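Chains as they are written, first to last, in the working numbering: chain A, 161 to 356; chain B, 246 to 510.
No residue lacks a Cβ here, since even glycine has one placed at the ideal position from N, Cα and C.
Source: prediction; values computed, not measured.
Please read the structure below before turning to the comments.
Below is the structure:
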């Protein structure tokens, strides 16, 4: 136990869905490093690159023709808020990887606007990650990453890259943007992997 | 406007050093505190072994109740110094869990736990000659004040300009210090936008910041400023969009949200 602040009561939450050090919010705060890019869906594409020059791409219409899933998940921000039971719609990363042949273990997610974040492939596959374009039954707002963002809800939310453009598969775990700016390489909220 | 695709520069070695002790909890002692206005308080902490920090970084504070319950929140550092002291400014949220305790109850001599300072993106580093445009809404001025103080204490000749949007004169943070620097320092110019009430004799009526009133009070695009924007979410998103539409390069604009749930990132 740490230093006791006598007189501090706090607001108890018995919610087992909250990882350590997190508190629940009803808001949906916006997290940004810079201006939100504007990406018309006509100019949007999603790519996956892997070894041997593989490059798969989807236009918006091709992406929307893929099987869509409704996703209900808790999300956890490294700044200590969590939002429980959020509802999304999008395409499972498993679906996008159906035609990818790779022995690579890691991915760098690239966003329109230049943001990057690194995620191990095993955190993206197996029903754990999506490319989401709807939040709360509404099209994803630009401020929240629209037209589409990566959704990796079991990791801190900076891994769920807004304005997602594609996934570059890599042999090594290469630090992305926040990971090069003091944040943890992996970001598991249940182990409090916040900072490097 | 088409797709914006820009490279984001990598981290520099000085931030790596500043992160070396960032992930451990350390004990901080409250050595001072003063009210900035009716709801905000600056708290001065002494942290054993603090190795300095970058202007614009934040710390996490962990409070522990007597039954072991803990709560953690992030607060921007307001001060700029290389010794074992740092200051945060906390604005009390009416329904907040942590901020009312920090503003109303925490006393000199109390101890609490901090982690950090952390963050290597929304920071100002001496060494770049570009003008620096700071744009703060409400308590979003806190990390900008750290940059102003670091700049004042440095040999940097880069001109700084602050645009400070606030509700009313009595809502200001660091009012006397900003006034004095605006008058006395050739390195800083301060502009105010009052959204609800103005000082007596103020030349403009109170009103929300607009694209026009913003662009008339900041370094123009030709001067190629580095821009830091901090405030509530809507303020930050709106200002950043206006800047991009006016021709400021997206990669020159760094943003940070502040307040609300106490989160910054």
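- Please work out which residues of its chain come closer than 8 Å, Cβ to Cβ, to residue 415(B), disregarding the five sequence neighbours upstream and downstream, and give them in chain order. 282, 283
- Helix, strand or coil: which one does DSSP assign to residue 494(B)? coil
- Proximal residues, the stretch 330-343 of chain B versus chain A, C-beta separation under 9 Å: 342, 343
- Is there contact between the stretch 292-307 of chain A and the stretch 321-329 of chain B, where contact requires at least three CB pairs shorter than 8 Å? no
- Compare the Cα-Cα distances from residue 503(B) to each of 447(B), 388(B), 493(B), 411(B) and report the closest residue. 388(B)
- Message: I need the boundaries of the alpha helix (DSSP H) containing residue 232(A), first residue and last residue.
- Response: From DSSP, residue 232(A) is part of no alpha helix (DSSP H) but of the beta strand (DSSP E) over 229-236.
- In its own chain, which residues sit with a C-beta less than 7 Å from the C-beta of residue 348(A), not counting the 5 before and 5 after it? 315
- Please list the partners that residue 471(B) has in chain A, where partner means a Cβ-to-Cβ separation under 8 Å. In chain order: nothing, as chain A lies at least about 12 Å away.
- For the beta strand (DSSP E) that residue 209(A) lies in, which residues bound it at each end? It spans 205-209 - the beta strand (DSSP E) in which residue 209(A) sits, taken as one unbroken run.
- Query: Whose C-beta lies closer than 7 Å to the C-beta of residue 254(B) among residues of the same chain, with five residues either side of it excluded?
  - Reply: Summary for residue 254(B): the model assigns pLDDT 35, below 50, so the residue's position carries little reliability; its value from the coordinates is reported in the next sentence. Apart from sequence neighbours up to five positions away, no residue of its chain approaches residue 254(B) with a beta-carbon distance below 7 Å.
- Do we get a CB-CB distance below 9 Å when we pair residue 269(A) with the residues of chain B? no
- Task: Determine, using beta carbons only, whether residue 473(B) and residue 301(B) come nearer to each other than 9 Å.
- Result: Taking 9 Å as the Cβ cut-off, residue 473(B) and residue 301(B) qualify as a contacting pair.
- Alpha carbon to alpha carbon, how far is residue 374(B) from residue 433(B)? 14 Å
- To which residues of the same chain is residue 202(A) closer than 8 Å at the C-beta, ignoring the five residues directly before and after it? 220
- Task: Closer than 8 Å by C-beta to residue 286(A): which residues in its own chain qualify, once you throw out the five before and the five after it? Chain order, please.
- Result: 254
- Query: Which residues of chain B have a Cβ atom closer than 7 Å to the Cβ of residue 164(A), listed in chain order?
  - Reply: 309, 311
- Task: Find the nearest neighbour of residue 455(B) within the set 468(B), 479(B), 340(B), judged by alpha-carbon distance.
- Result: 479(B)
- Message: Which residue marks the beginning of the alpha helix (DSSP H) containing residue 457(B), and which one marks its end?
- Response: 456-460
- Item | Bridge partners - residue 351(B), DSSP secondary structure assignment | Answer is none; residue 351(B) lacks a bridge partner.
- Query: So, do the stretch 298-315 of chain B and the stretch 356-364 of chain B have three or more beta carbon pairs nearer to each other than 8 Å?
  - Reply: Judged by Cβ distances under 8 Å, the stretch 298-315 of chain B makes contact with the stretch 356-364 of chain B, as three or more pairs qualify.
- Task: For residue 381(B), decide whether its Cβ has a neighbour in chain A, counting only Cβ atoms nearer than 9 Å.
- Result: No, because no Cβ of chain A sits closer than 9 Å to the Cβ of residue 381(B).
- Do the CB positions of residue 291(A) and residue 264(A) come within less than 9 Å of each other? no
- Task: Using a cut-off of 7 Å between C-beta atoms, extract the partners of residue 466(B) located in chain A.
- Result: Simply none; closest approach about 14 Å.
- Task: Return the first residue and the last residue of the alpha helix (DSSP H) that residue 402(B) is part of.
- Result: Residue 402(B) -> no alpha helix (DSSP H), and no H or E assigned at all.
- Task: Starting from residue 369(B), find everything on chain A with Cβ-Cβ shorter than 9 Å and list it in chain order.
- Result: Neighbours of residue 369(B) in chain A, taken as residues whose beta carbon is under 9 Å from its own, are absent, since the nearest beta carbon is some 14 Å off.
- Query: Should residue 401(B) and residue 380(B) be called a contact, given that it needs their Cβ atoms to be closer than 9 Å?
  - Reply: no
- residue 365(B) touches chain A at which residues, Cβ-Cβ below 8 Å? 340, 341, 342
- Item | Range of the contiguous alpha helix (DSSP H) that encloses residue 423(B) | Counting along the chain, the alpha helix (DSSP H) containing residue 423(B) begins and ends at 420-429.
- Item | Contacts of residue 298(B) in chain A (Cβ-Cβ under 7 Å) | Within 7 Å Cβ-Cβ: nothing; residue 298(B) doesn't reach chain A, min ~11 Å.
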